[in-house]
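Note that the UniProt record's numbering gives residue 213 to position 213 of the sequence shown, counting from 1, and the numbers run on in steps of one. From the three backbone atoms N, C-alpha and C, an ideal C-beta is built for every residue, glycine too. None of these values were measured; they are calculated from a predicted model.
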Amino acid sequence: MTADMGMTTADHETFEAFYQDVRGRLLLQTWSLTGDLEAAKAAVRGAMVITWHHWRKVKPMDDFEREDWVRPIAWSKAIRNHSVPLLHRDQTIAPEARSTLSALRSLPLHDRKVFLLGHLTSVDLAQLAREVSTPISRTETDLQGANAAICDELGIAPEQLQSIFDPLVDVLTEQPWPKTSTITTSGAVRRRVHTAIGAAAAIAALVGTGFFVTQDAETEPRLNTLSMKSAAEEFEVEPSEIPGKKLTAKDLMTEDEVSKIYGGSWAVDISSDNLEGTGLTIPCQIEPSADKRPVASLARTFTAKAKATTAGTTIESSVDAKAATAAYKKMQKWYAACAEPRYQLMFTESVKGIGDEATLFTYRDWENDRAVTYGVARTGNHTTAVTVKVEGKSSTTAAKTSTMLGSAVHNLCSMPGAGACVETKRPRETIVPLATGEAPGLINETDLPPVSTIGDPWLGTEAKPAKTNPAQTRCDNTEFNAKGMSGAQTRDFVIPETKKKLAATFGLTETVGKFGSAQEAQAFNVAIKTRLNKCSDKQLGSHVTQIATEPIKDGAITVWDIRVELENSSVFYRMAAIRRGANVAQMSFNPDGDADISNSDFVALAKRAAYRLEYL
Numbered sequence: 001m002t003a004d005m006g007m008t009t010a011d012h013e014t015f016e017a018f019y020q021d022v023r024g025r026l027l028l029q030t031w032s033l034t035g036d037l038e039a040a041k042a043a044v045r046g047a048m049v050i051t052w053h054h055w056r057k058v059k060p061m062d063d064f065e066r067e068d069w070v071r072p073i074a075w076s077k078a079i080r081n082h083s084v085p086l087l088h089r090d091q092t093i094a095p096e097a098r099s100t101l102s103a104l105r106s107l108p109l110h111d112r113k114v115f116l117l118g119h120l121t122s123v124d125l126a127q128l129a130r131e132v133s134t135p136i137s138r139t140e141t142d143l144q145g146a147n148a149a150i151c152d153e154l155g156i157a158p159e160q161l162q163s164i165f166d167p168l169v170d171v172l173t174e175q176p177w178p179k180t181s182t183i184t185t186s187g188a189v190r191r192r193v194h195t196a197i198g199a200a201a202a203i204a205a206l207v208g209t210g211f212f213v214t215q216d217a218e219t220e221p222r223l224n225t226l227s228m229k230s231a232a233e234e235f236e237v238e239p240s241e242i243p244g245k246k247l248t249a250k251d252l253m254t255e256d257e258v259s260k261i262y263g264g265s266w267a268v269d270i271s272s273d274n275l276e277g278t279g280l281t282i283p284c285q286i287e288p289s290a291d292k293r294p295v296a297s298l299a300r301t302f303t304a305k306a307k308a309t310t311a312g313t314t315i316e317s318s319v320d321a322k323a324a325t326a327a328y329k330k331m332q333k334w335y336a337a338c339a340e341p342r343y344q345l346m347f348t349e350s351v352k353g354i355g356d357e358a359t360l361f362t363y364r365d366w367e368n369d370r371a372v373t374y375g376v377a378r379t380g381n382h383t384t385a386v387t388v389k390v391e392g393k394s395s396t397t398a399a400k401t402s403t404m405l406g407s408a409v410h411n412l413c414s415m416p417g418a419g420a421c422v423e424t425k426r427p428r429e430t431i432v433p434l435a436t437g438e439a440p441g442l443i444n445e446t447d448l449p450p451v452s453t454i455g456d457p458w459l460g461t462e463a464k465p466a467k468t469n470p471a472q473t474r475c476d477n478t479e480f481n482a483k484g485m486s487g488a489q490t491r492d493f494v495i496p497e498t499k500k501k502l503a504a505t506f507g508l509t510e511t512v513g514k515f516g517s518a519q520e521a522q523a524f525n526v527a528i529k530t531r532l533n534k535c536s537d538k539q540l541g542s543h544v545t546q547i548a549t550e551p552i553k554d555g556a557i558t559v560w561d562i563r564v565e566l567e568n569s570s571v572f573y574r575m576a577a578i579r580r581g582a583n584v585a586q587m588s589f590n591p592d593g594d595a596d597i598s599n600s601d602f603v604a605l606a607k608r609a610a611y612r613l614e615y616l
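Okay, here's the thing in structure tokens:
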């Protein structure tokens with residue numbers, strides 16, 4: 001046992017191996033990120049000192065996890081510490097290296113991070129999106145844009161992108177490194193200092209995939225290239241041994257099939273066997289495959305030639321119907337709670353006559369004023385998903401996507417292990433939205449409509465026990481600690497990232513609770529209505545207008561506009577009292593001038609809140 005923080009010789013050996021393996025990659029990344037070589041070297045040294053300090057926590061991780069742990073530290077330190085303006089870099093650096101750094105500098109910092117994570121790390125697209133804190137679909141778009149910008153800046157073809165780092169490698173192979181003992185000593189005494197450069201440890205050449213490896217490394221480079229196979233290529237999935245038949249690209253929908261359904265001229269964008277790249281083909285898709293161990297998996301996307309509209313489809317084959325059913329349910333969860341900002345779930349439908357089971361999800365992309373629909377279906381051992389983003393009404397798009405889903409299932413009907421095929425009549429029925437999130441009895445971000453004059457997305461707080469009721473107004477003063485009520489929860493929604501300055505009172509709040517019987521819940525809501533009807537008489541300057549009351553299955557919703565005149569100002573609310581069975585909710589919204597929700601959108605949201613109460 002050494003005296004160094006109680007670490008063993010084995011601890012030192014594993015850290016040294018990790019340090020020698022990762023430092024070259026980190027240096028390339030941080031130099032590419034900042035253009036400041038000295039700051040990059042200091043950042044890598046400092047990050048490794050911190051890593052040794054936390055080695056007990058880091059050591060149990062695998063190589064990928066360790067690198068993912070230390071990388072953000074190095075990047076953060078490099079960005080924070082670099083001071084050499086990129087236009088005044090070391091003039092002794094070769095012109096080719098300077099050209100690469102200059103091209104990288106032309107990208108905004110966010111896009112530069114996306115580009116470097118995509119080309120110099122092993123992260124998949126989902127993790128890349130998490131590291132840069134943007135949705136997957138936007139991250140993928142940003143990566144494609146950054147690739148195009150670098151190609152344009154350097155006058156190269158996309159297949160030459162990886163080679164732009166070669167001139168940087170030539171410089172870095174000459175850089176000496178601190179000895180491992182210097183790093184561990186600094187970590188042991190918890191000092192983050194610039195240590196003297198020790199014996200040189202050369203960085204291996206940048207290999208074709210774009211990854212540094214140490215000279216004695218035995219493993220292959222771990223760069224995820226985010227590439228997908230050519231649409232023209234007929235590929236077979238390996239391993240894909242389905243008795244009697246192999247799943248091939250011919251089992252995927254074609255551009256002609258998409259054109260017949262949606263009209264216009266479509267082209268295949270990418271086709272993939274999901275063995276390379278991210279495997280995340282459809283927006284809102286969380287993992288490359290819903291089945292943890294699919295027998296086979298294929299994907300294809302399409303683009304309309306005349307308009308910027310897109311479509312996509314995926315196929316998975318499982319070992320049996322039980323595994324396929326689990327995969328189908330996971331797909332349902334993905335598309336029932338799409339995390340794309342500015343996507344609003346309009347309705348969920350079950351579809352009969354398509355495979356063994358099928359579901360449609362229709363969203364409103366209110367940033368681009370488009371309908372986005374997803375369909376998932378299962379036939380025996382096989383599952384499929386389809387999506388389309390087009391201009392037009394949601395109901396029309398949903399009908400066409402149902403047809404597309406039927407076509408996708410029809411292509412699987414001849415596969416071994418297939419179940420029900422496709423019937424001529426395929427009736428759709430609107431159903432209660434699926435349960436999502438940690439508090440499924442409350443509304444969530446996907447339920448919320450846009451706010452006029454604001455294009456930024458909503459963000460909800462975590463649900464918490466409703467010790468008080470922030471959804472109450474001065475006219476009703478409703479409390480959710482009434483006798484016989486249980487399970488009371490509340491949640492707020494705000495728009496934190498907007499350039500428009502909003503009043504502190506702006507936001508939406510919902511509080512929910514449940515009674516032992518529907519009669520108690522009905523009496524609770526009747527009491528709210530009674531207090532509101534008397535408010536104008538009891539509180540001078542208060543104006544209450546009922547704008548909607550509608551029965552729903554096992555309950556009802558009532559919505560009011562409430563304005564309370566104060567001494568020098570007034571407060572305006574939209575408020576809803578909601579009941580479904582024995583469960584109740586109160587929802588209030590405080591607009592700020594023209595930053596408002598329309599009456600029709602608020603009434604629709606109250607209905608959605610009523611159906612969410614099923615999961616309370």
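Please report the residue range of the alpha helix (DSSP H) in which serine 536 lies.
For serine 536, the enclosing alpha helix (DSSP H) begins and ends at 518-538.
Note the first and the last residue of the continuous beta strand (DSSP E) segment covering residue 635.
It is not possible to answer for residue 635, since the shown part of the chain is limited to 1 through 616.
Please specify which runs of the alpha helix (DSSP H), each continuous and at least 4 residues long, are wholly inside the stretch 30-84, giving them in chain order.
Runs found: 37-53, 55-58 and 63-81.
Classification of methionine 61 by the beta-carbon crowding that lies within 10 angstroms, buried from 16 upward
Answer is exposed; the Cβ neighbour count stays below 16.
Limits of the unbroken beta strand (DSSP E) element including proline 551
Per DSSP, the continuous beta strand (DSSP E) segment holding proline 551 begins and ends at 542-552.
Between the CA atoms of aspartate 492 and valine 372 - distance to the nearest angstrom:
Distance between the alpha carbons of valine 372 and aspartate 492: 26 Å.
Close Cβ partners of valine 268 (< 7 Å) along its chain, the five nearest in sequence each way excluded:
Only residues of its own chain outside the window of five on either side were considered, and among them Ala231, Glu255, Arg300 and Phe302 have a CB closer than 7 Å to the CB of valine 268, listed in chain order.
Hey, is alanine 466's beta-carbon within less than 8 Å of any beta-carbon in chain B?
Included in the structure is just one protein chain, with no chain B present.
Continuous alpha helix (DSSP H) assignments of at least 4 residues falling wholly in the stretch 108-166:
Within the stretch 108-166, the complete alpha helix (DSSP H) runs of at least 4 residues are 109-120, 125-132 and 136-154.
Expected contact under 8 Å - CB spacing of alanine 324 and histidine 382 to nearest Å:
Sure, about 6 Å apart at Cβ, within 8 Å.
Run the CB neighbour count on residue 678, radius 10 Å, all protein chains shown included, and call it buried at 16 or more, exposed below.
Outside the displayed range of the chain (1 to 616) lies residue 678, so it cannot be described from this structure.
Going by Cα to Cα distance, which pick from Thr314, Ser598, Ser542 and Asp594 is closest to valine 571?
Comparing Cα-Cα distances from valine 571 to each of Thr314, Ser598, Ser542 and Asp594, the minimum goes to Ser542.
Taking a contact to mean a Cβ-Cβ separation below 8 Å, would you say isoleucine 528 touches alanine 577 in this structure?
Yes, the pair counts as a contact, with Cβ atoms nearer than the cut-off.
Please report the distance separating the alpha-carbon of phenylalanine 212 from that of valine 295.
Confidence in phenylalanine 212 is poor, its pLDDT being 26 and thus under 50, which makes the residue's placement too unreliable to answer from.
Near methionine 331, what residues of its chain come up, given a Cβ to Cβ distance below 7 Å and the 5 sequence neighbours on each side ignored?
Counting only Cβ-Cβ distances below 7 Å, and skipping sequence neighbours, we find Ala290, Val376, Thr383 and Ala385.
Distance between arginine 56 and tryptophan 266 (C-alpha atoms, nearest Å):
Each residue's alpha carbon lies about 54 Å from the other.
Around the Cβ of asparagine 368, are there at least 16 other Cβ atoms within 10 angstroms (buried) or fewer (exposed)?
Exposed: under 16 other Cβ atoms inside 10 Å.
Start and end residues, alpha helix (DSSP H) containing alanine 377
First-last for alanine 377: 370-379, but that is the beta strand (DSSP E), not the alpha helix (DSSP H).
Distance, Cα to Cα, threonine 509 vs phenylalanine 589?
Each residue's Cα considered, the two are about 7 Å apart.
So which of Glu462, Val258, Thr549 and Ile557 has the shortest CA-CA distance to glycine 312?
Out of Glu462, Val258, Thr549 and Ile557, Val258 has the C-alpha closest to the C-alpha of glycine 312.
Answer with buried or exposed for threonine 219, where buried requires no fewer than 16 other C-beta atoms within 10 angstroms of its C-beta.
Note that threonine 219 has pLDDT 27, beneath the 50 cutoff, so the model's placement of it is unreliable and the number below is only indicative. Per the 10 Å Cβ criterion, exposed.
So if DSSP puts tyrosine 615 in a beta bridge, which residue, or which two residues, is it bridged to?
Under DSSP, tyrosine 615 shares a beta bridge with no residue.
Neighbour-count burial assignment, isoleucine 443, 16 or more Cβ in a 10 Å radius:
It is buried - the Cβ of isoleucine 443 has at least 16 other Cβ atoms within 10 Å.
Does valine 390 pass the burial test, meaning 16 or more other C-beta atoms within 10 Å, or should it be called exposed?
Buried, since its Cβ has 16 or more Cβ neighbours within 10 Å.
Rounding to the nearest angstrom, what Cα-Cα distance links histidine 194 and tryptophan 177 in this structure?
At histidine 194, the pLDDT of 28 sits below 50, so the modelled position is not reliable; the number obtained from the coordinates is stated separately. One C-alpha to the other measures close to 12 Å.
Which residue's Cα is closest to the Cα of arginine 23: Val169, Leu532 and Pro416?
Of the candidates Val169, Leu532 and Pro416, the one whose C-alpha sits nearest the C-alpha of arginine 23 is Val169.
How is the beta strand (DSSP E) around arginine 491 delimited, first residue to last?
Its beta strand (DSSP E) spans residues 486-494.
Whole beta strand (DSSP E) runs in the stretch 379-464 with 3 or more residues, listed along the chain?
The qualifying runs are 382-390 and 428-431.
Endpoints, the beta strand (DSSP E) within which threonine 362 is located:
First-last of the beta strand (DSSP E) with threonine 362: 357-365.
Is the separation between the beta-carbon of alanine 336 and that of leucine 252 shorter than 8 Å?
In this structure, leucine 252 does not lie closer than 8 Å to alanine 336 by Cβ.
Going by Cα to Cα distance, which pick from Lys464, Pro496 and Phe18 is closest to valine 512?
Measuring from the Cα of valine 512, the nearest candidate turns out to be Lys464.
Straight-line Cα distance separating proline 416 from arginine 138:
Distance from the CA of arginine 138 to the CA of proline 416, rounded to the nearest whole angstrom, comes to 38 Å.
From what residue to what residue does the beta strand (DSSP E) around glutamate 96 run?
That residue, glutamate 96, is in no beta strand (DSSP E); its alpha helix (DSSP H) goes 95-105.
Determine, using beta-carbon pairs with one atom in the stretch 451-465 and one in the stretch 419-427, whether at least three such pairs fall under 8 Å.
Not touching, per the Cβ criterion.
With DSSP collapsed to three states, give me the class of leucine 345.
Strand at leucine 345.
If you draw a straight line from the alpha carbon of valine 495 to that of aspartate 166, how long is it in whole angstroms?
In the sequence as presented, valine is not what sits at residue 495; that position holds isoleucine. Separation of isoleucine 495 and aspartate 166 (C-alpha to C-alpha, rounded to the nearest whole angstrom) is 44 Å.
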